[in-house]
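Enquirer:
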Amino acid sequence: MSLAAANEVVTKALLRQVNVPGLDRPAALITLDNGFDHTKPNSFGPGGLTSLDEAITAALAADPAFIAVTGKPYIFCVGADITSLPQLENREQALEIGRLGHRVFARLKDSAVPTFAFVNGAAMGGGLELALHCHYRTLSAGAAALALPEVSLGLVPGWGGTQLLPNLIGIPAATQVILQNPLMQNKMLKPKQAAEMGIADVLLEPADFLERSLEWAAGVVRGEVTVTRPEVDKDMWAGVLYFARQTLDQRLHGAVPAAYKALDLLETAKDGDFAAGTAAEDEALADLVFSEELRSGLYAFDLMQRRAKRPAGAPDKGLARPVTKVGIVGAGLMASQLALLFARRLQVPVVLTDLDQARVDKGVGYVHAQIEKAVSKGRMDKGTAAKLYGLVSGSVDKSVFADADFVIEAVFEDLGVKKQVWAELEKIVTPEAVLATNTSSLSITEMAADLEHPERVVGFHFFNPVAVLPLLEIVRGERTDDATLATAFAVGKQLKKSSVLVKDAPAFVVNRLLTRFLGTVFAAVDQGTPLDVANSALDPLGLPMRPLALLQLVGPAVAYHVGGTLHAAFPDRFGVSENLKRIADSGQPIVVDDQVNEEVAKLLVVGDQPLTAEQVRQNALDALAQEIRLMLDEGVVAEAQDIDLCMILGAGWPFHLGGVTPYLDRTGTAERVTGRRFLPRGAASLR
Numbered sequence: 163m164s165l166a167a168a169n170e171v172v173t174k175a176l177l178r179q180v181n182v183p184g185l186d187r188p189a190a191l192i193t194l195d196n197g198f199d200h201t202k203p204n205s206f207g208p209g210g211l212t213s214l215d216e217a218i219t220a221a222l223a224a225d226p227a228f229i230a231v232t233g234k235p236y237i238f239c240v241g242a243d244i245t246s247l248p249q250l251e252n253r254e255q256a257l258e259i260g261r262l263g264h265r266v267f268a269r270l271k272d273s274a275v276p277t278f279a280f281v282n283g284a285a286m287g288g289g290l291e292l293a294l295h296c297h298y299r300t301l302s303a304g305a306a307a308l309a310l311p312e313v314s315l316g317l318v319p320g321w322g323g324t325q326l327l328p329n330l331i332g333i334p335a336a337t338q339v340i341l342q343n344p345l346m347q348n349k350m351l352k353p354k355q356a357a358e359m360g361i362a363d364v365l366l367e368p369a370d371f372l373e374r375s376l377e378w379a380a381g382v383v384r385g386e387v388t389v390t391r392p393e394v395d396k397d398m399w400a401g402v403l404y405f406a407r408q409t410l411d412q413r414l415h416g417a418v419p420a421a422y423k424a425l426d427l428l429e430t431a432k433d434g435d436f437a438a439g440t441a442a443e444d445e446a447l448a449d450l451v452f453s454e455e456l457r458s459g460l461y462a463f464d465l466m467q468r469r470a471k472r473p474a475g476a477p478d479k480g481l482a483r484p485v486t487k488v489g490i491v492g493a494g495l496m497a498s499q500l501a502l503l504f505a506r507r508l509q510v511p512v513v514l515t516d517l518d519q520a521r522v523d524k525g526v527g528y529v530h531a532q533i534e535k536a537v538s539k540g541r542m543d544k545g546t547a548a549k550l551y552g553l554v555s556g557s558v559d560k561s562v563f564a565d566a567d568f569v570i571e572a573v574f575e576d577l578g579v580k581k582q583v584w585a586e587l588e589k590i591v592t593p594e595a596v597l598a599t600n601t602s603s604l605s606i607t608e609m610a611a612d613l614e615h616p617e618r619v620v621g622f623h624f625f626n627p628v629a630v631l632p633l634l635e636i637v638r639g640e641r642t643d644d645a646t647l648a649t650a651f652a653v654g655k656q657l658k659k660s661s662v663l664v665k666d667a668p669a670f671v672v673n674r675l676l677t678r679f680l681g682t683v684f685a686a687v688d689q690g691t692p693l694d695v696a697n698s699a700l701d702p703l704g705l706p707m708r709p710l711a712l713l714q715l716v717g718p719a720v721a722y723h724v725g726g727t728l729h730a731a732f733p734d735r736f737g738v739s740e741n742l743k744r745i746a747d748s749g750q751p752i753v754v755d756d757q758v759n760e761e762v763a764k765l766l767v768v769g770d771q772p773l774t775a776e777q778v779r780q781n782a783l784d785a786l787a788q789e790i791r792l793m794l795d796e797g798v799v800a801e802a803q804d805i806d807l808c809m810i811l812g813a814g815w816p817f818h819l820g821g822v823t824p825y826l827d828r829t830g831t832a833e834r835v836t837g838r839r840f841l842p843r844g845a846a847s848l849r
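Take the sequence shown: its letters are residues 163 to 849, numbered as in this note's numbering.
See the structure below:
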């Protein structure tokens with residue numbers, strides 16, 4: 163194939179001459195625009211790069227005072243058109259696309275005419291790299307996000323980012339942007355943070371961003387505005403990269419080739435030989451384009467961009483009822499986190515209740531403290547804070563729920579307790595009020611069985627910490643009606659969560675898989691496998707946490723409880739470990755600084771049949787494959803893609819695994835254990 167992609171949505175570079183006061187000749191303004199609104203961001207394929215190349219040629223021919231590049235409303239550019247990467251047929255084509263981007267962008271860097279990037283909106287990947295090639299950068303305070311996210315997908319910043327950024331802002335900050343942020347659930351930079359790092363020369367308000375940018379650029383050209391940048395400390399380069407490599411080894415254990423390639427490229431950037439550095443980027447890009455990790459990363463990216471935004475099986479959103487008041491049963495930590503989230507996102511009154519005034523006051527106090535913290539750190543203005551203070555209240559009298567449209571309980575994980583809560587509330591709330599439960603493993607159908615209106619009970623399972631993890635498992639009981647479900651999905655969207663429809667089955671998706679996974683690892687411990695061997699057995703996968711650290715985060719007592727629920731449902735696959743109960747009862751941490759606590763090891767009663775790390779790993783993968791196949795056969799979710807989406811969003815499983823099913827496919831585990839693949843060949847793999 164040629165580089166010209168038939169399905170490319172071409173981002174055109176639209177050139178116009180702009181008269182700027184104080185300059186003796188017009189400036190050339192290039193606006194990137196693919197012809198769609200902000201929901202389809204600008205990106206660069208071969209056609210877009212060619213259009214930019216032609217615009218630069220035309221701009222230079224007009225002898226402008228300066229050249230500036232900006233984007234359509236809300237979007238600067240989000241980088242390369244990664245959807246076209248699977249269409250590349252050979253390594254030479256991958257090299258060619260890298261070289262084309264470098265050649266076009268370098269024209270801005272090497273221009274004798276001053277060049278500016280007016281970053282008016284989201285700038286990621288190649289979009290941010292384009293801005294870095296310009297001599298100067300203005301940045302809108304309203305820009306949604308800035309990032310070099312390539313490593314999260316299995317790539318590297320391949321159009322100059324690894325060479326330009328460290329020499330602009332220093333190696334510590336560049337390492338954070340290129341490595342650390344992508345590996346922390348693809349964390350984005352806010353405009354203020356990017357400006358403080360030195361990525362932008364000036365931060366401007368969005369209301370008149372273009373006008374102020376033109377004025378500022380004119381001041382630079384006239385010599386009235388002086389741009390000073392701190393000198394980059396080259397002496398710390400080697401030390402920072404050594405520490406970064408150690409950190410990668412500890413976290414990923416070699417599982418993400420792109421991260422190590424990025425480290426090598428950052429090392430190359432130290433000597434400032436830009437041509438050699440960009441040539442190395444081309445070679446790295448060509449290597450990674452034909453890797454299994456990239457194909458899994460692209461699959462995961464597509465899940466986030468498409469499936470997460472259009473949940474499979476969700477009813478018509480027109481059936482959703484309005485929510486003007488939210489009630490929360492309970493005032494503990496989870497309930498308090500929910501109260502803050504609902505108030506911030508829905509902007510409606512939220513009221514908590516609990517057994518006594520002290521607990522209520524503590525819950526409301528937590529919300530107020532978090533609001534104050536946000537104000538003190540500059541993440542919330544005082545006006546918004548005052549409004550939220552007024553929206554969140556508490557009471558010991560459940561009659562405050564009488565006019566609530568949506569009531570969610572976050573009480574002790576016991577079916578009897580939860581049924582009692584709903585029995586009391588049904589006498590208070592209106593017949594149309596949605597009753598949502600944050601249960602992590604209990605049956606929605608059983609919980610609603612004795613109610614007069616069981617059709618308005620729905621599972622609404624958040625993941626902790628509530629404000630951070632984006633997954634929301636929405637669970638349909640046997641009698642949950644479409645209006646209730648539609649309201650739940652509408653509320654989930656308002657909360658800015660990614661919702662997945664789940665059948666009412668024990669522990670739903672994430673907790674069921676993690677319990678099976680952890681249960682298999684801990685069964686090896688019960689057999690006599692040393693804790694440190696079991697803990698490190700999954701290292702080759704590059705998971706965000708080792709098994710024992712994950713168990714500690716979940717809490718041994720919670721894991722034991724959920725394990726008991728699943729053992730009751732599926733005794734042949736889910737065991738109950740008395741060693742886990744011993745650890746829970748002891749109250750001691752299982753790991754300290756990622757090392758096994760030897761005091762905990764002394765508490766265990768184990769067998770004399772230890773396994774090797776490889777055996778532990780394969781047993782865990784086999785168990786996952788078997789459980790996923792059973793869940794799909796049971797209709798717990800619509801397709802394997804929903805399993806992967808849940809594991810990425812709710813458990814932090816990395817893009818380079820594609821969640822979980824692509825890895826089970828490409829290692830042959832799925833076919834060996836279940837007789838067939840989870841996904842079609844090529845969907846998340848090279849073949």
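The beta-carbon is built from N, C-alpha and C at its ideal position, and this holds for glycine as well.
#1: Measuring CB to CB, does G316 end up less than 9 Å from P419?
#2: For L633 and L657, I'd like the C-alpha separation in whole angstroms.
#3: Take A223 and list the residues in its own chain whose beta-carbon comes closer than 6 Å to its own, dropping the five residues that flank it on each side.
#4: Looking at the unbroken alpha helix (DSSP H) that takes in F625, where does it start and where does it end?
#5: When the Cα atoms are used, what is the spatial distance from S164 to P328?
#6: Helix, strand or coil, according to DSSP, for K471 in the structure here?
#7: Going by other Cβ atoms of all chains shown within 10 Å of its Cβ, with 16 needed for buried, is Y422 buried or exposed?
#8: Y422 lies in the alpha helix (DSSP H); which residues open and close that run?
#9: With P484 and L647 assumed to form a contact (beta carbons below 8 Å), what rounded beta-carbon distance in angstroms separates them?
#10: What residues match up with S602 in a beta bridge as DSSP calls it?
#11: For G725 and F736, which I take to be in contact (beta-carbon distance under 8 Å), what is that distance rounded to the nearest angstrom?
#12: By the three-class DSSP mapping on this structure, what secondary structure does L379 have?
#13: Could you give the distance in angstroms between the alpha-carbon of P702 and the alpha-carbon of A417?
#14: Alpha carbon to alpha carbon, what distance is there between F206 and A175?
#15: Does DSSP classify Y298 as helix, strand or coil?
#16: Excluding sequence positions up to five away, which residues of its chain have a Cβ less than 6 Å from the Cβ of D363?
#17: For my contact list, L177 and A221 are in at a C-beta cut-off of 8 Å; report their separation, rounded to the angstrom.
#18: The alpha helix (DSSP H) with I333 in it runs from where to where?
#19: With a floor of 4 residues, list each alpha helix (DSSP H) that falls wholly inside the segment 751-809, ordered by position along the chain.
#20: Let me know the secondary structure DSSP gives I490 once reduced to three states.
#21: Secondary structure at L177, three-state DSSP: helix, strand or coil?
#22: Straight-line CA distance for P692 to L773?
#23: How do the segment 603-621 and the segment 428-445 stand: do at least 3 beta-carbon pairs fall below 8 Å, yes or no?
#24: Cα separation between F670 and V768?
#25: Check this for me: beta carbons of A284 and A307, under 9 Å apart or not?
#26: Span of the beta strand (DSSP E) holding K665?
#27: Go ahead and pull the three-state DSSP assignment for E594.
#28: Helix, strand or coil for I361, going by three-state DSSP, please let me know.
#29: Any chance you could list the beta strand (DSSP E) runs of at least 3 consecutive residues sitting entirely within the segment 632-709, in chain order?
#30: Would you mind giving the Cβ-Cβ distance between V513 and S557, rounded to the nearest angstrom? I have them listed as a contact below 8 Å.
#31: Could you check where the alpha helix (DSSP H) with V569 kicks off and where it finishes?
#32: Considering just the uninterrupted stretch of the beta strand (DSSP E) at M853, what are its terminal residues?
#33: Which complete alpha helix (DSSP H) runs does the segment 185-223 hold, if anything under 4 residues is left out?
#34: Expressed to the nearest angstrom, what Euclidean distance is found between the alpha-carbon atoms of L126 and A846?
#35: What residue does the alpha helix (DSSP H) around L450 start on, and which one ends it?
#36: Give me the DSSP bridge partner(s) of T232.
Expert: Taking the definition as stated:
#1: Indexing the sequence shown from 1 puts residue 316 at position 154. Indexing the sequence shown from 1 puts residue 419 at position 257. Closer than 9 Å, so yes.
#2: Indexing the sequence shown from 1 puts residue 633 at position 471. Indexing the sequence shown from 1 puts residue 657 at position 495. Cα to Cα, L633 sits roughly 11 Å from L657.
#3: Within the sequence shown, residue 223 is the residue found at index 61, counting from 1. Around A223: no qualifying Cβ.
#4: Numbered from 1 along the sequence shown, position 463 holds the residue referred to as residue 625. Per DSSP, F625 belongs to no alpha helix (DSSP H) and is neither H nor E.
#5: The residue you call residue 164 lines up with position 2 of the sequence shown. The residue you call residue 328 lines up with position 166 of the sequence shown. Only weak support is given to the placement of S164: the predicted model assigns it a pLDDT of 48, under 50, and the value that follows is read from those uncertain coordinates. Cα to Cα, the separation comes out at about 34 Å.
#6: Numbered from its first residue, the sequence shown carries residue 471 at position 309. K471: coil per DSSP, three-state reduction.
#7: If you number the sequence shown from 1, residue 422 lands on position 260. Here Y422 is buried: its Cβ has 16 or more other Cβ atoms, across all protein chains shown, within 10 Å.
#8: Residue mapping note: residue 422 aligns to position 260 of the sequence shown, counting from 1. 419-430 is the span of the alpha helix (DSSP H), which, as asked, contains Y422.
#9: Numbered from its first residue, the sequence shown carries residue 484 at position 322. Numbered from its first residue, the sequence shown carries residue 647 at position 485. Contact between P484 and L647 is absent: CB atoms are separated by about 16 Å, not below the 8 Å threshold.
#10: In the sequence shown, residue 602 corresponds to position 440, counting from 1. In the DSSP output, where bridge partners are listed per residue, S602 has none listed.
#11: Position 563 of the sequence shown, counted from the start, is the residue given in the question as residue 725. Position 574 of the sequence shown, counted from the start, is the residue given in the question as residue 736. Contact holds; Cβ gap of about 6 Å.
#12: What you label residue 379 is simply residue 217 of the sequence shown in a count that begins at 1. Looking at the sequence itself, residue 379 is Ala, so the reference to Leu does not match. Note: A379 maps to helix in three-state DSSP.
#13: Reading the sequence shown from its first residue, position 540 is the one you call residue 702. Reading the sequence shown from its first residue, position 255 is the one you call residue 417. Their Cα atoms are separated by approximately 6 Å.
#14: Counting from 1 along the sequence shown, the entry for residue 175 is found at position 13. Counting from 1 along the sequence shown, the entry for residue 206 is found at position 44. Straight-line Cα distance between these residues: approximately 11 Å.
#15: Against the sequence shown, residue 298 aligns to sequence position 136. Three-state result, Y298: strand.
#16: Here the question's residue 363 lines up with position 201 in the sequence shown. Excluding sequence neighbours, D363 sits near Y298, R299, V389.
#17: As a first step, residue 177 is located in the sequence shown; it is residue number 15 there, counting from the start. As a first step, residue 221 is located in the sequence shown; it is residue number 59 there, counting from the start. By a beta-carbon distance limit of 8 Å, L177 contacts A221. Their separation comes to about 6 Å.
#18: Locating residue 333 in the sequence shown gives position 171, where the first residue counts as 1. First-last of the alpha helix (DSSP H) with I333: 333-337.
#19: 760-763, 775-796, all fully within the segment 751-809.
#20: The residue you call residue 490 lines up with position 328 of the sequence shown. Reduced to three states, the DSSP call for I490 is strand.
#21: By one-based count along the sequence shown, residue 177 stands at place 15. Strand.
#22: Along the sequence shown, read from residue 1 onward, the residue named residue 692 stands at position 530. Along the sequence shown, read from residue 1 onward, the residue named residue 773 stands at position 611. Cα to Cα, the separation comes out at about 9 Å.
#23: The segment 603-621 is not in contact with the segment 428-445.
#24: Locating residue 670 in the sequence shown gives position 508, where the first residue counts as 1. Locating residue 768 in the sequence shown gives position 606, where the first residue counts as 1. Looking at the two C-alpha atoms, the distance is approximately 30 Å.
#25: Translated into positions along the sequence shown, residue 284 becomes position 122. Translated into positions along the sequence shown, residue 307 becomes position 145. A307 sits close to A284, with the two beta carbons spaced by under 9 Å.
#26: Looking up residue 665 in the sequence shown gives position 503. Looking at the DSSP string, the run of the beta strand (DSSP E) that includes K665 is 660-665.
#27: Walking along the sequence shown from the start, residue 594 turns up at place 432. Coil, per DSSP.
#28: Residue numbering aside, residue 361 sits at position 199 when the sequence shown is read from its first letter. Three-state result, I361: coil.
#29: Here the runs fully enclosed are 633-638, 660-665.
#30: Your numbering for residue 513 matches position 351 in the sequence shown. Your numbering for residue 557 matches position 395 in the sequence shown. At roughly 6 Å, the Cβ-Cβ gap stays under 8 Å, so V513 and S557 are in contact.
#31: Along the sequence shown, one-based indexing puts residue 569 at 407. Looking at the DSSP string, V569 is not in any alpha helix (DSSP H); the run it does join, the beta strand (DSSP E), is 568-571.
#32: Lying before the first or after the last residue shown, residue 853 is absent from the chain, which here runs from 163 to 849.
#33: Inside the segment 185-223, DSSP marks whole alpha helix (DSSP H) runs of 4 or more residues at positions 208-223, from first to last along the chain.
#34: In the structure displayed, the chain extends from 163 to 849; residue 126 sits before or after that span and is not available.
#35: In the sequence shown, counting from the first residue as 1, residue 450 sits at position 288. Where L450 is concerned, the enclosing alpha helix (DSSP H) starts and stops at 436-451.
#36: Position 70 of the sequence shown, counting from 1, holds the residue named residue 232. T232 pairs with T193.
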